[in-house]
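Asks: Sharing a structure below in C-alpha coordinates format, with a few things to ask.
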(Lines of atoms letter the chains of each structure in order from A and count residues from 1; the text may use other names and numbers.)
(Lines give C-alpha, C1' and ligand atoms only; values in the text may rest on other atoms or scores of the structure.)
Protein backbone atom coordinates (compact mmCIF):
# COMPACT_ATOMS: atom_id res chain seq x y z
CA UNK A 1 0.00 0.00 0.00
CA UNK A 2 2.83 2.37 0.87
CA UNK A 3 4.48 1.57 -2.43
CA UNK A 4 1.34 2.46 -4.36
CA UNK A 5 1.02 5.78 -2.51
CA UNK A 6 4.69 6.51 -3.16
CA UNK A 7 4.30 5.77 -6.87
CA UNK A 8 1.19 7.94 -7.11
CA UNK A 9 2.87 10.80 -5.23
CA UNK A 10 5.96 10.54 -7.41
CA UNK A 11 3.72 10.50 -10.51
CA UNK A 12 1.93 13.70 -9.40
CA UNK A 13 5.23 15.45 -8.69
CA UNK A 14 6.69 14.49 -12.08
CA UNK A 15 3.49 15.51 -13.84
CA UNK A 16 3.50 18.90 -12.11
CA UNK A 17 7.17 19.38 -13.01
CA UNK A 18 6.45 18.53 -16.66
CA UNK A 19 3.62 21.06 -16.76
CA UNK A 20 5.86 23.66 -15.18
CA UNK A 21 8.58 23.08 -17.77
CA UNK A 22 5.98 23.36 -20.56
CA UNK A 23 4.77 26.64 -19.08
CA UNK A 24 8.35 27.93 -18.90
CA UNK A 25 8.84 26.98 -22.55
CA UNK A 26 5.69 28.93 -23.46
CA UNK A 27 6.99 31.98 -21.62
CA UNK A 28 10.36 31.74 -23.38
CA UNK A 29 8.71 31.41 -26.80
CA UNK A 30 6.48 34.39 -26.04
CA UNK A 31 9.43 36.55 -24.99
CA UNK A 32 11.37 35.55 -28.14
CA UNK A 33 8.36 36.44 -30.31
CA UNK A 34 8.03 39.80 -28.55
CA UNK A 35 11.71 40.56 -29.10
CA UNK A 36 11.42 39.65 -32.80
CA UNK A 37 8.32 41.82 -33.15
CA UNK A 38 10.05 44.72 -31.43
CA UNK A 39 13.08 44.40 -33.72
CA UNK A 40 10.93 44.32 -36.86
CA UNK A 41 8.89 47.31 -35.69
CA UNK A 42 12.00 49.39 -35.02
CA UNK A 43 13.37 48.45 -38.44
CA UNK A 44 10.08 49.40 -40.12
CA UNK A 45 10.00 52.70 -38.23
CA UNK A 46 13.52 53.53 -39.41
CA UNK A 47 12.60 52.67 -43.00
CA UNK A 48 9.47 54.82 -42.77
CA UNK A 49 11.36 57.77 -41.32
CA UNK A 50 13.93 57.57 -44.12
CA UNK A 51 11.17 57.38 -46.74
CA UNK A 52 9.37 60.40 -45.28
CA UNK A 53 12.57 62.44 -45.20
CA UNK A 54 13.30 61.56 -48.84
CA UNK A 55 9.91 62.76 -50.08
CA UNK A 56 10.08 66.04 -51.95
CA UNK A 57 7.59 68.71 -51.16
CA UNK A 58 5.48 69.82 -54.08
CA UNK A 59 4.33 73.38 -54.39
CA UNK A 60 1.37 74.52 -56.40
CA UNK A 61 1.10 78.01 -57.78
CA UNK A 62 -2.43 79.31 -58.07
CA UNK A 63 -3.36 82.23 -60.25
CA UNK A 64 -5.64 84.28 -58.01
CA UNK A 65 -6.72 86.60 -60.81
CA UNK A 66 -8.88 83.95 -62.46
CA UNK A 67 -11.85 82.70 -60.49
CA UNK A 68 -14.36 79.98 -61.16
CA UNK A 69 -17.98 80.64 -60.32
CA UNK A 70 -20.17 77.60 -60.02
CA UNK A 71 -23.89 77.62 -59.26
CA UNK A 72 -24.66 76.33 -55.79
CA UNK A 73 -28.00 75.26 -54.37
CA UNK A 74 -29.19 77.17 -51.34
CA UNK A 75 -29.91 73.90 -49.56
CA UNK A 76 -26.22 73.01 -49.85
CA UNK A 77 -25.26 75.96 -47.66
CA UNK A 78 -28.03 75.65 -45.05
CA UNK A 79 -27.75 73.80 -41.77
CA UNK A 80 -29.61 70.54 -41.33
CA UNK A 81 -31.78 72.05 -38.59
CA UNK A 82 -32.89 74.76 -40.99
CA UNK A 83 -33.81 72.14 -43.56
CA UNK A 84 -35.75 69.99 -41.10
CA UNK A 85 -37.64 72.65 -39.17
CA UNK A 86 -38.31 75.31 -41.79
CA UNK A 87 -42.04 75.83 -42.07
CA UNK A 88 -43.95 78.77 -43.50
CA UNK A 89 -46.00 80.78 -41.06
CA UNK A 90 -49.78 80.37 -40.92
CA UNK A 91 -50.35 83.88 -42.37
CA UNK A 92 -48.09 83.17 -45.34
CA UNK A 93 -49.81 79.83 -45.98
CA UNK A 94 -53.27 81.47 -45.98
CA UNK A 95 -52.04 84.30 -48.21
CA UNK A 96 -50.56 81.85 -50.72
CA UNK A 97 -53.81 79.83 -50.73
CA UNK A 98 -55.83 83.00 -51.35
CA UNK A 99 -53.58 83.99 -54.22
CA UNK A 100 -53.91 80.54 -55.77
CA UNK A 101 -57.71 80.62 -55.46
CA UNK A 102 -57.86 84.14 -56.99
CA UNK A 103 -55.58 83.13 -59.87
CA UNK A 104 -57.67 80.02 -60.53
CA UNK A 105 -60.88 82.08 -60.90
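In the working numbering, the protein residues as written are 79 to 183.
No residue lacks a Cβ here, since even glycine has one placed at the ideal position from N, Cα and C.
(1) Whole angstroms are fine: how far does the CA of residue 85 sit from the CA of residue 91?
(2) In whole angstroms, what is the alpha-carbon distance linking residue 151 and residue 179?
(3) Hey, quick one: how far does the alpha helix (DSSP H) through residue 174 stretch, first residue to last?
Replies: So, from the data block:
(1) So the two alpha carbons sit approximately 10 Å from each other.
(2) Rounded to the nearest angstrom, the two C-alpha atoms are 30 Å apart.
(3) Where residue 174 is concerned, the enclosing alpha helix (DSSP H) stretches over 168-182.
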